[in-house]
Structures are given as structure tokens and as C-alpha cells.
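For the record, the sequence lines run as chains A and B.
Counting from 1 along the first sequence, just add 1 to a position and that's the residue number in my numbering.
Counting from 1 along the second sequence, just add 1 to a position and that's the residue number in my numbering.
Note that the Cβ used here is the ideal one computed from N, Cα and C, for glycine as well.
Protein chains: 2
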Amino acid sequence: MMPFSELIRNATARNKSHLCVGLDPDPEKFPDHLSKDINGARTFVESIIDSTSDLVCCYKPNCGFFEQFGWEGVQMLEELRSMIPAHIPMLLDAKRSDIGNTATAYAKSAFDVIRADAITVNPLLGRDSIEPFTIYKSKGVFLLALTSNPGAADFQLPNDLHYQVCDFASSMATNCPEVALVAGATRPDDLREIRERFPNGLILVPGVGSQGGELEETIKAGSRHDDLGLIINVSRAVLYASSGKDFAEAARDAASHFREQINNAISATA
Amino acid sequence: MMPFSELIRNATARNKSHLCVGLDPDPEKFPDHLSKDINGARTFVESIIDSTSDLVCCYKPNCGFFEQFGWEGVQMLEELRSMIPAHIPMLLDAKRSDIGNTATAYAKSAFDVIRADAITVNPLLGRDSIEPFTIYKSKGVFLLALTSNPGAADFQLPNDLHYQVCDFASSMATNCPEVALVAGATRPDDLREIRERFPNGLILVPGVGSQGGELEETIKAGSRHDDLGLIINVSRAVLYASSGKDFAEAARDAASHFREQINNAISATA
Chain A
2 MMPFSELIRN ATARNKSHLC VGLDPDPEKF PDHLSKDING ARTFVESIID
52 STSDLVCCYK PNCGFFEQFG WEGVQMLEEL RSMIPAHIPM LLDAKRSDIG
102 NTATAYAKSA FDVIRADAIT VNPLLGRDSI EPFTIYKSKG VFLLALTSNP
152 GAADFQLPND LHYQVCDFAS SMATNCPEVA LVAGATRPDD LREIRERFPN
202 GLILVPGVGS QGGELEETIK AGSRHDDLGL IINVSRAVLY ASSGKDFAEA
252 ARDAASHFRE QINNAISATA
Chain B
2 MMPFSELIRN ATARNKSHLC VGLDPDPEKF PDHLSKDING ARTFVESIID
52 STSDLVCCYK PNCGFFEQFG WEGVQMLEEL RSMIPAHIPM LLDAKRSDIG
102 NTATAYAKSA FDVIRADAIT VNPLLGRDSI EPFTIYKSKG VFLLALTSNP
152 GAADFQLPND LHYQVCDFAS SMATNCPEVA LVAGATRPDD LREIRERFPN
202 GLILVPGVGS QGGELEETIK AGSRHDDLGL IINVSRAVLY ASSGKDFAEA
252 ARDAASHFRE QINNAISATA
């Protein structure tokens, strides 16, 4: 099975894109003509994929948004790998955070049942919460290193905690080269330090778009020595670019715009 | 809708029990005569519930173990609230860890779709990751305060982090009286401090049984001023007490044994 990083490299080469589109089907935001149930969700997600799949390097379905539709949402999650063209990898945003045989069960769900090519994991429970995923050697395992939400200040966590996660990921990478990181885009200085401590792997950067990180700064700060090594995620700004019947075209225009912005920023910082 | 703590109080009174049985359907451990698929899982879980429901104060289905069966496992999770007698509350062990509208979607899945009476949450992303659950006023929201897994040492988290979680839960409890804690049973000194900092709410204590915490010490350390205020969880030692055709009876014997042990320990420490 092809390693996740290679799937990304191939999709990037084919579509000239470092853009990942997050699939967060939120019935409150569906175009008016779609039903707010599982049927509407299916039409919505299929249309988004059809209209953007030549513009992205990855799709990132967000578990919670599917689970809210109940078992039918999970059934759709299982069908997603076939709905997405085979040459575009699928990264499951699950942020699972459990240990031992529970983590093993989550890994089985993500990789054997849903057939995701990669997953996001909250790493703070330590290696017992990560290794059940990394034993799937070819799968990407993205450790949450940095979030930019206000509530992150509710606990006095060490200032260097996200660097500890980077160092931990680096130390794992010898045996598990598909270990990767998630790092919010809002603090480029942090991203620079993260890249220094984690020089070789992929970094997923959410928060561009509706959260407004600065693209050029992000790319400058997070690029790898050999190539970008970043997956830039945009969700809402693509999915909900229009609430009319033209939502799929509007999503295509938005994705096209972001792809170009990213590529321009790469050229500008080269 | 009745608050979770009251559901627990009523079930405890009725069954004279502080025992919670964790529902972790693991096909590797099913009795030999059951199939290792969703049908085996359904028979297994139904039999366990039927044979123990007069001995427990709560059931704790563990999401991952259901999700590993794919959408059919999730469908079963949705049927579980009806399979469990109405007077026994159901606590969904999900350890979700996400923010904003993703957390809202997870809450919708847990409370509106699966109709759980309570959920476990990893609180370290802060209030943004908790409030989408606590707005369901009657539902129990159990914050993970202390784990006893070896990997917990992989990051240099503050020694008092679990106390910070307790203080945080206490401060939330004014507005959200159904906020509760999860605290591993292996360190009674910690549990004593946790109870001092979180005097009024429920504490779920896993790790009794196959992880071998000392029951009397645990009860002494964690009891509330007015009543126990503890939910003692046992999973494997009940579920997999026998791998033969007598598994349901063996589970009943084990649950009965644990209920008695707990009640004896309460009497001994009174």
C-alpha cells in the first residue's frame, strides 16, 4: 500500500495543488434547496467532491459532522473513499483520544472500515494513544500539536507543549515515517519553530480562510527544505461559498482561488 | 428531563448498586459460540444487559468498540438506549476532543441521536470543547481528569493538571451541576485531593477489576460528604468472566460479586 506522504505528493503533482478541502456537512449551512437530512448531506458532499476534485491534494472529512446524522452518516463516511477519486487521499479528522484496546478499535474503524488514508489524533495521553494507529505503517497519523482556540488558555499547560509534541513526533518518525502534525495557522512564529523541530514530515495547517491566517507568512514559516510539506486546509470558505443553487460552482471557484493563492504564495517565497 | 445525577441516585437505590458495567464488545474475546461480527456483538451485548441490569447503576458503552463494526455498530449504539431498561442510565464513553461546531456535532450525535444520558470528554482543549455538551443541561458531562496509563509520562504536563481539571469542573458546576469527572482508581491519594477540589459532583472511577485498584482505599478517598458520589466501573472482568456458553451467567456472578465488594467496602469505611 502506498504511504500517505506519497499519495499526497502524487495528488499535488497531478492537480498542482496543496489545498485540502475539509468536508464538514453542516445542515444549518446547506443551500436552501437541499434537505437538511442525510439525503441533503449526500447530495451536498458528492457535489462538492465532483466540482473540486481536480483542484485539491486531499479531502478531510470531519467525523463529528457525519456522526450527527447517525448511522446513516457513518454509512456515508464508509462510502466516501469510493466517492472520492482513487488518486486523491482521504484524511479522517477524528481527533481520537483514548488508549489501549479502545484506540485499537478506533484505528480499526478508521483504517479497516472507513478506509481512510490518514487520521488526526489528540496525542496528549501519550504513546499508548498513538501506537495503535501507527502500526498501520502506510497510514498518515497526524498528531494535534497546536490549536488556536480561545479555550486553550483554560488550563496552564506548558508553553512548550506543542514543541514537545513536535519532538515526540520527530522521535517516532524513525520507525513511523508517516507520523505528521496538525498546527493551526494563526501563529507563524510557532509554525517556524515547529518546522525546525519536525523537519521531515507533513504538517496539516487548518485555519486558513475563515480564521484568516496569513498565507505567505504561513508558507514561509512552515515549508520543508525540499518541498512544501504542508497541507493547507480550507473548509467553510469553500463548502459554503454560496447558499444558492450555484453552491458547487461557487465552491469550485473558491477552491480554485485558494489553490492559486497558495501557489502564488509559494512562488513569492521561493 | 431528569438530571443524570438523579438517574444514578434512583438506579443506585433500586439496585443497591454503585457498579457501572462498561460495554466494550471485543470480538477477539467473545465466547467461542458467538460469531465475531455485528450479530455476535448484538447477542453478546443483549445477553450481558439482560443478565446484569438488576445489579448495576449505569452502563457505559465505549464508542470505539461499536464503531469498529462500522455503521451497523453505530446503529446498534443507537438501539442501546432502548435495549437498556429505562431506569438505568447510559453513559457514552467517547472521550471526544474537538472544538466549536465540531464539538456541537458530536454532542448532537451523543445526546440527540444515540440518546445517551451522559458522555466522557477530554477537556484539555478548554471550554470551547466542553460547553457544546454542557448546554444539554440534564446530561452528565464527565471530564477526563486522571489516567493511569504509562504513556501519560510521554509529555511533561504539569503535575497538577488533573487538579486544574477538578478546579475547572468545580467552577463550571455552578451553572452546570451535571459536570462530573473521570479519575483512574490506581492512585488513592490523588483521588482524595480530587474529591476535596470537586466536593459535590459525581466521579467515574474506572480501573477497578482488571487494572487492580484497591476498592476500600478508593472509596475512602473518593466518597462525598453526603453519599458515595462515585460510579465504579468494571468492564472486562464482568464481560469476559467466561468464554464459554455460560458467559452471561458468569458475567452476572462477576457483577454480583463486584456490587457486593463495593457495598462491603462502603460499610467498612462508614
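Contact list for residue i against chain B, beta-carbon separation under 7 Å
i, result
"residue 109 of chain A", "69"
"residue 153 of chain A", "126 and 127"
"residue 264 of chain A", "Simply none; closest approach about 29 Å."
"residue 79 of chain A", "71 and 72"
"residue 181 of chain A", "Ordered by position in chain B, no residue passes the 7 Å Cβ test against residue 181 of chain A, which lies about 17 Å from the chain."
For residue i, three-class secondary structure by DSSP
i, result
"residue 59 of chain A", "strand"
"residue 108 of chain B", "helix"
"residue 202 of chain B", "coil"
"residue 120 of chain A", "strand"
"residue 101 of chain A", "helix"
"residue 156 of chain A", "coil"
"residue 21 of chain B", "strand"
"residue 161 of chain A", "coil"
"residue 247 of chain B", "coil"
"residue 39 of chain A", "helix"
"residue 145 of chain A", "strand"
"residue 209 of chain A", "coil"
"residue 94 of chain A", "strand"
"residue 89 of chain B", "coil"
"residue 126 of chain B", "coil"
"residue 255 of chain B", "helix"
"residue 242 of chain B", "coil"
"residue 271 of chain B", "coil"
"residue 233 of chain B", "strand"
"residue 14 of chain B", "helix"
Nearest-angstrom beta carbon gap, residue j and residue i [assumed within contact, 8 Å]
i, j, result
"residue 121 of chain A", "residue 177 of chain A", "The pair is not a contact, with the Cβ atoms about 15 Å apart (cut-off 8 Å)."
"residue 71 of chain A", "residue 114 of chain B", "4 Å"
"residue 236 of chain B", "residue 25 of chain B", "5 Å"
"residue 200 of chain A", "residue 222 of chain A", "Incorrect: roughly 13 Å between the Cβ atoms, too far for contact."
"residue 31 of chain B", "residue 37 of chain B", "6 Å"
"residue 150 of chain B", "residue 127 of chain A", "7 Å"
Chain-ordered chain B contacts of residue i [CB-CB under 8 Å]
i, result
"residue 148 of chain A", "100 and 126"
"residue 165 of chain A", "156 and 157"
"residue 242 of chain A", "Per Cβ cutoff of 8 Å: no residues; residue 242 of chain A is ~17 Å from chain B at best."
"residue 75 of chain A", "68, 71, 72 and 75"
Amino acids of chain A, ordered along the chain, whose beta-carbon sits closer than 9 Å to that of residue i
i, result
"residue 140 of chain B", "Simply none; closest approach about 16 Å."
"residue 169 of chain B", "155 and 156"
"residue 123 of chain B", "96, 98, 99, 123, 125 and 126"
"residue 103 of chain B", "25, 63, 64, 65, 66, 94 and 96"
"residue 114 of chain B", "68, 69, 70, 71, 72 and 74"
"residue 119 of chain B", "Ordered by position in chain A, no residue passes the 9 Å Cβ test against residue 119 of chain B, which lies about 17 Å from the chain."
Sequence-distant residues of the same chain with beta carbon closer than 8 Å to residue i, five excluded per side
i, result
"residue 51 of chain A", "249"
"residue 129 of chain A", "100, 101 and 104"
"residue 251 of chain A", "242, 243 and 245"
"residue 209 of chain B", "186, 216, 219, 233, 234, 235 and 259"
8 Å Cβ cutoff met for residue i and residue j
i, j, result
"residue 111 of chain B", "residue 117 of chain B", "yes"
"residue 59 of chain A", "residue 12 of chain A", "yes"
"residue 238 of chain A", "residue 202 of chain A", "no"
"residue 141 of chain B", "residue 92 of chain B", "yes"
"residue 19 of chain B", "residue 229 of chain B", "yes"
"residue 145 of chain B", "residue 156 of chain A", "no"
"residue 234 of chain A", "residue 21 of chain A", "yes"
"residue 205 of chain B", "residue 180 of chain B", "no"
"residue 68 of chain A", "residue 106 of chain B", "yes"
"residue 266 of chain A", "residue 220 of chain A", "yes"
"residue 198 of chain A", "residue 168 of chain A", "yes"
"residue 62 of chain B", "residue 81 of chain B", "yes"
"residue 74 of chain A", "residue 39 of chain A", "yes"
"residue 158 of chain B", "residue 147 of chain A", "no"
"residue 163 of chain B", "residue 131 of chain B", "no"
"residue 43 of chain A", "residue 77 of chain A", "yes"
Same chain only: Cβ atoms within 7 Å of residue i, ignoring 5 sequence neighbours per side
i, result
"residue 218 of chain B", "189"
"residue 33 of chain B", "244"
"residue 66 of chain B", "25, 26 and 27"
"residue 8 of chain B", "90 and 118"
"residue 86 of chain B", "54"
"residue 262 of chain B", "216"
Beta-carbon proximity list for residue i, same chain, < 6 Å, skipping 5 on both sides
i, result
"residue 213 of chain A", "With a pLDDT of only 48 at residue 213 of chain A, under the threshold of 50, the placement of this residue in the model should not be trusted; the figure read from the coordinates follows. None."
"residue 97 of chain B", "107 and 122"
"residue 4 of chain A", "139 and 179"
"residue 224 of chain A", "none"
Chain-ordered chain A contacts of residue i [CB-CB under 7 Å]
i, result
"residue 130 of chain B", "152"
"residue 162 of chain B", "156"
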